[in-house]
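Novice: In our numbering, the protein residues as written are 105 to 485. Virtual Cβ for every residue (Gly too), placed ideally from N, Cα, C.
The following block contains the structure:
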């Protein structure tokens with residue numbers, strides 16, 4: 105699939121490269137008496153447009169840059185303003201940032217400069233209020249509660265997860281997999297469930313593993329399905345969103361705190377070390393309570409973002425070199441596509457690996473919260 109999509113994207117880029125080369129042969133255009141340089145391929149816009157959230161699923165663009173066509177799935181925009189009230193409409197009304205609608209405009213790299221907005225405060229893809237003349241209106245406060253592509257994709261992933269689990273449970277109710285061997289999807293799910301139970305839950309949680317197994321399985325499958333969805337061209341990079349990983353890490357943190365016991369807190373506030381070392385170790389142990397969920401958040405976020413950026417950079421090299429010289433871009437295309445296919449298969453492995461690591465570390469941190477109970481039971485035995 106990656107090879108096919110890559111070849112397709114290279115094929116549709118040839119008219120654009122040819123047109124740009126034709127423009128370079130002519131006289132440079134002038135604006136306000138100064139020669140205007142032709143705009144080269146902007147890799148930053150492509151990269152951040154993919155890894156950040158948006159109000160539509162964008163699959164591809166084709167045609168000349170002046171009249172470019174876009175293949176997208178628009179999503180509903182839901183805005184609330186104390187001054188203007190509740191406003192709803194389709195994101196297609198923005199025409200990819202070229203037009204405003206009902207007094208609002210979605211920011212792009214181009215219109216953000218025209219509106220003279222601070223890039224550190226107003227990000228690409230955010231919606232801002234504008235006046236009838238098309239200027240930014242600072243007197244209007246806007247709360248964006250739209251169904252963005254990250255939200256829609258998480259809903260789809262959750263629906264798929266529920267559907268798979270209910271379908272497998274229905275087979276067990278019929279006796280399939282109980283009196284006979286499991287088949288198809290039931291066999292795959294049972295294998296994964298047994299793996300998480302035997303290799304993650306039991307070693308880390310001991311006899312308490314049945315209590316936490318539903319949580320661990322939900323975390324594993326939810327992250328895995330979203331990771332796989334993120335590999336589909338045009339989809340949202342949900343697990344590469346810091347808000348997504350933040351919520352998962354907060355859930356893990358809450359479970360860890362409620363699973364802790366007196367031995368856990370005694371070890372933090374009065375560790376079994378010499379008194380001179382306690383002064384240094386106690387702040388470190390207190391900080392460690394918060395660094396564990398923070399590490400869960402950053403690890404998943406960084407790994408998923410890095411893989412997507414690397415893939416887009418490899419593909420973007422074709423267009424960057426092609427903008428400088430058409431033949432150099434075409435000559436580098438096979439190497440770029442080859443490396444992209446390789447990294448893509450690595451990302452499939454990373455999708456499973458990151459789901460496993462997040463689940464494993466969550467189980468380990470929960471197990472550490474009531475670790476003293478294991479030692480007490482072993483001593484009594």
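Please name the residue in 423, 457, 412 and 218 whose C-alpha comes closest to that of residue 153.
Specialist: Looking at the Cα atoms, 412 is the closest of the given residues.
Novice: Here's the rule I'm using: 16 or more other beta-carbon atoms within 10 Å means buried, otherwise exposed. How should residue 233 be labelled?
Specialist: It is buried - the Cβ of residue 233 has at least 16 other Cβ atoms within 10 Å.
Novice: Taking the alpha-carbon positions, what's the residue 435 to residue 166 distance?
Specialist: So the two alpha carbons sit approximately 22 Å from each other.
Novice: Out of curiosity, what's the CA-to-CA distance linking residue 375 and residue 392?
Specialist: Approximately 13 Å between the Cα atoms of the pair.
Novice: Flag this pair as yes or no: are the beta carbons of residue 158 and residue 253 separated by less than 7 Å?
Specialist: Yes, the Cβ-Cβ distance between residue 158 and residue 253 is below 7 Å.
Novice: Output the boundary residues of the alpha helix (DSSP H) element that contains residue 433.
Specialist: Looking at the DSSP string, the run of the alpha helix (DSSP H) that includes residue 433 is 430 to 473.
Novice: In this structure, how does DSSP classify residue 385 when only helix, strand and coil are distinguished?
Specialist: Residue state, collapsed to three classes: helix.
Novice: Compare the Cα-Cα distances from residue 239 to each of 460, 208, 176 and 325 and report the closest residue.
Specialist: Checked all of 460, 208, 176 and 325; the closest Cα to residue 239 is 208.
Novice: May I have a chain-ordered list of the beta strand (DSSP E) segments no shorter than 3 residues that lie completely inside the stretch 230 to 313?
Specialist: As far as the stretch 230 to 313 is concerned, its whole beta strand (DSSP E) runs of at least 3 residues are 231 to 233.
Novice: Residues bridged to residue 185 by DSSP?
Specialist: The partner list for residue 185 (beta bridge, DSSP) reads 189.
Novice: Could you work out which residue in 161, 401 and 293 is closest to residue 458 when comparing CA atoms only?
Specialist: Comparing Cα positions, the closest option is 401.
Novice: Taking the alpha-carbon of residue 288 as reference, which of 301, 271 and 330 has the nearest alpha-carbon?
Specialist: Ranking the options by Cα distance to residue 288, first place goes to 271.
Novice: Going by beta carbon distance, what residues of the same chain come within less than 8 Å of residue 244, once the five residues before and after it are set aside?
Specialist: So the list reads 185, 187, 188, 207 and 233, once near-sequence residues are dropped.
Novice: When you compare only the Cα positions, how much space is there between residue 432 and residue 321?
Specialist: Computed Cα separation, rounded: 49 Å.
Novice: Would you tell me roughly how many angstroms separate the C-alpha atoms of residue 314 and residue 329, rounded to the nearest one?
Specialist: Going by the C-alpha atoms only, they are around 23 Å apart.
Novice: Throw me the rounded Cβ distance for the residue 192 and residue 182 pair, which I believe falls under 8 Å.
Specialist: Going by Cβ atoms, the distance from residue 192 to residue 182 rounds to 5 Å, so yes, they are a contact pair.
Novice: Under 8 Å Cβ to Cβ from residue 150, same chain only, skipping five residues before and after it: list those, please.
Specialist: Closer than 8 Å at Cβ, skipping near neighbours: 416 and 420.
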